[in-house]
Ligand SMILES: Cc1cc2nc3c(=O)[nH]c(=O)nc-3n(C[C@H](O)[C@H](O)[C@H](O)COP(=O)(O)OP(=O)(O)OC[C@H]3O[C@@H](n4cnc5c(N)ncnc54)[C@H](O)[C@@H]3O)c2cc1C
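Chains as they are written, first to last, in the numbering used here: chain A, 5 to 541; chain B, 15 to 77.
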């Protein structure tokens, strides 16, 4: 029993199709109602695409699991209507402290960039995240979320898949034009289609403990290398809502998982860490080991993979859920256009192109942090410790840059994507074809708002000047004009600065709020070409 | 620019003595730690990744 959270139990309902034995063909079936499957379902609904979600369980994530959510996924959730609730409940943190042995090595500020709706990072237990999404789905008639539905087999046909599903009422069959497997790191679907899941396995174990602590600890991230209360290993302390604190203890490879999970083992560890008689209660604990690996292809015929089913990273840098949300952000608009016949099938293949690239970037970051935190040889350990010792010297700023206790999860720009139209003119600043759109405060009809809330879902032509038309179309794909100075006001000039805009500058923005192309003027013919390219036509 | 391999330290014997003397009071573990710090400090001073790469290779590293 949790003291700070009561688990919802979602009702199992037998479907009409299972009752009657009718085999129904669905456009999209999502396997798994974890953070990624739920996000995918919300995005499908936002695209006007009906879907069925199957989950073998009937509640949310047991234990807090993912804790840190970064700005970009929060922006995605905001587009889907659940971001504000997450931010309201989550706790923000700005200061990170790094300790080496018995002393503070240095501290860093998460320096959030001003003029963004979403914070750089929040901490929130995964069960809240999932619960909020399930709540939202309850308001969406097009999402058919079915609990206690376990996928047990998949058979692929040329243009659909046949799914065998088990419920408390037995086994039945359904069909899907497309299947999106979000069934987690141990994905059964992956095995069913014969996909490879390879990478690096780390010979290490970690104890994750959630403790309730009313004591006034500051809302900071504390990371210890080799602390006196847990020699030779690392420890991480993080605050979550409801006075719940997450503590990660590195245990090493020889630790006995079942033994370490026992409260009589955990409590002394936490006591030693707190170093005094501060009162705390143990809420949840788990021991795990991890791997960094990814699937060889995000698409197998009519089956697509997203989230942990497609890639697994170490928890350092909090990347798992953060990157998974960006998978479905990338995929759902493409699926919708392909299902509608508005774009060729090759648009779906750009999903693998863009997200496998991002997964590799995440894996690289996560492996680097892991290698720093858990050095694999005496010599790499010596370098690690030398870096930490140098980092304590106030002048040695360079060493602090080398310390890697997990880097903040940042979106991977699709810099070389085949959907991009390369720049023909000179632009400066952080935006490029393939990067996610920067936010900015704007006014709409005299009311304060945010730029990202004005775009997304479909293609947008952001123009910093008058345009001859209100929209540009390629076939049935339309990009509507959003004119700065007419539809939205950029009073602070932040939007223009972030997009390096001059009068006449035009951006073609994708439904997932990424830059597809940009010009210094408004040339309809070029826009049509770029739009065609952005849908892989 | 490439890695300088021609003599670049004006008084080689004196430099070498200073290097050795700097660790004279240390045990192996302390000296190993110091060597690591020295590598990090000098690498940052050089900064140029191509030169650092060449040095890593010349020192026998698998790069
Ligand atoms: C200790 C820990 C800390 C973490 N910290 C962070 C963090 O701070 N930030 C972050 O971004 N990530 C973090 N992660 C990772 C994060 O929890 C995962 O990346 C995330 O849960 C993945 O979501 P998912 O939806 O892909 O898979 P899951 O959450 O695993 O969900 C899969 C779902 O599929 C269902 N399912 C499985 N098989 C079937 C089937 N055959 N039929 C029907 N349903 C099925 C399961 O019941 C489950 O509901 C952490 C993970 C752990 C373990």
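Yeah, the Cβ is synthetic: ideal placement off N, Cα and C, and Gly gets one too. Since the structure is predicted, the reported quantities are computational estimates derived from the model, not experimental observations.
Secondary structure of residue i, DSSP reduced to three states
i	result
residue 214 (chain A)	strand
residue 17 (chain A)	coil
residue 376 (chain A)	helix
residue 411 (chain A)	coil
residue 186 (chain A)	coil
residue 204 (chain A)	strand
residue 249 (chain A)	strand
residue 160 (chain A)	strand
residue 292 (chain A)	strand
residue 91 (chain A)	helix
residue 115 (chain A)	coil
residue 197 (chain A)	helix
residue 257 (chain A)	coil
residue 9 (chain A)	coil
residue 474 (chain A)	coil
residue 110 (chain A)	strand
residue 96 (chain A)	strand
residue 141 (chain A)	helix
residue 61 (chain A)	coil
residue 349 (chain A)	coil
residue 402 (chain A)	helix
residue 335 (chain A)	helix
residue 153 (chain A)	coil
residue 440 (chain A)	strand
residue 66 (chain B)	helix
residue 30 (chain A)	strand
Strand pairing of residue i, partner residues [DSSP]
i	result
residue 447 (chain A)	A:452 and A:493
residue 50 (chain B)	The partner list for residue 50 (chain B) (beta bridge, DSSP) is empty, contrary to what the question assumes.
residue 297 (chain A)	A:203 and A:316
residue 178 (chain A)	A:167
residue 238 (chain A)	A:229
residue 148 (chain A)	A:56
residue 72 (chain A)	A:127
residue 549 (chain A)	Residue 549 (chain A) cannot be examined here, being either before or after the span of chain A that is shown, 5 to 541.
residue 523 (chain A)	A:510
residue 308 (chain A)	A:184 and A:303
Exposure of residue i, with buried meaning 16 or more beta-carbon neighbours within 10 Å
i	result
residue 87 (chain A)	buried
residue 205 (chain A)	exposed
residue 47 (chain A)	buried
residue 59 (chain B)	exposed
residue 162 (chain A)	exposed
residue 401 (chain A)	exposed
residue 182 (chain A)	buried
residue 125 (chain A)	buried
residue 319 (chain A)	buried
residue 299 (chain A)	buried
residue 249 (chain A)	buried
residue 447 (chain A)	exposed
residue 340 (chain A)	buried
residue 214 (chain A)	buried
residue 473 (chain A)	exposed
residue 352 (chain A)	buried
residue 510 (chain A)	buried
residue 449 (chain A)	exposed
residue 13 (chain A)	exposed
residue 358 (chain A)	buried
residue 56 (chain B)	exposed
residue 29 (chain B)	exposed
residue 535 (chain A)	buried
residue 39 (chain B)	exposed
residue 420 (chain A)	exposed
Contact list for residue i against chain D, beta-carbon separation under 8 Å
i	result
residue 229 (chain A)	Structure shown: chain D not included; protein chains present are A and B.
Item to check | Against chain B: residues of the stretch 162-179 of chain A by CB proximity under 8 Å | outcome: Within the stretch 162-179 of chain A, no residue has its Cβ closer than 8 Å to any Cβ of chain B.
Next on the checklist: If the cut-off is 7 Å on Cβ atoms, which residues from the stretch 22-38 of chain B count as contacting chain A, listed in chain order?
Outcome noted: none
Checklist entry - Taking Cβ-Cβ distances below 8 Å as the criterion, which residues of the stretch 386-398 of chain A are in contact with chain B? => result 386, 387, 389, 390, 391, 393 and 394
Item to check | chain B contacts made by the stretch 430-463 of chain A, where a contact means CB separation under 7 Å | outcome: none
Item to check | Members of the stretch 38-54 of chain B that neighbour chain A once the beta carbon cut-off is set at 7 Å | outcome: 46, 47, 50, 51 and 54
Item to check | Members of the stretch 187-221 of chain A near chain B, C-beta cut-off 8 Å | outcome: none
Checklist entry - When Cβ atoms are compared, which residues of the stretch 501-524 of chain A fall closer than 9 Å to chain B? => result If the cut-off is 9 Å between Cβ atoms, the stretch 501-524 of chain A has nothing near chain B.
Next on the checklist: Beta carbons nearer than 7 Å to chain B: which residues of the stretch 301-332 of chain A have them?
Outcome noted: none
Checklist entry - Between the stretch 340-359 of chain A and chain B, which residues of the former have CB atoms less than 7 Å from a CB of the latter, in chain order? => result Contacts with chain B (Cβ-Cβ distance below 7 Å) from the stretch 340-359 of chain A involve no residue at all.
Next on the checklist: Counting only Cβ-Cβ distances shorter than 9 Å, please list the residues of the stretch 467-490 of chain A near chain B, keeping chain order.
Outcome noted: none
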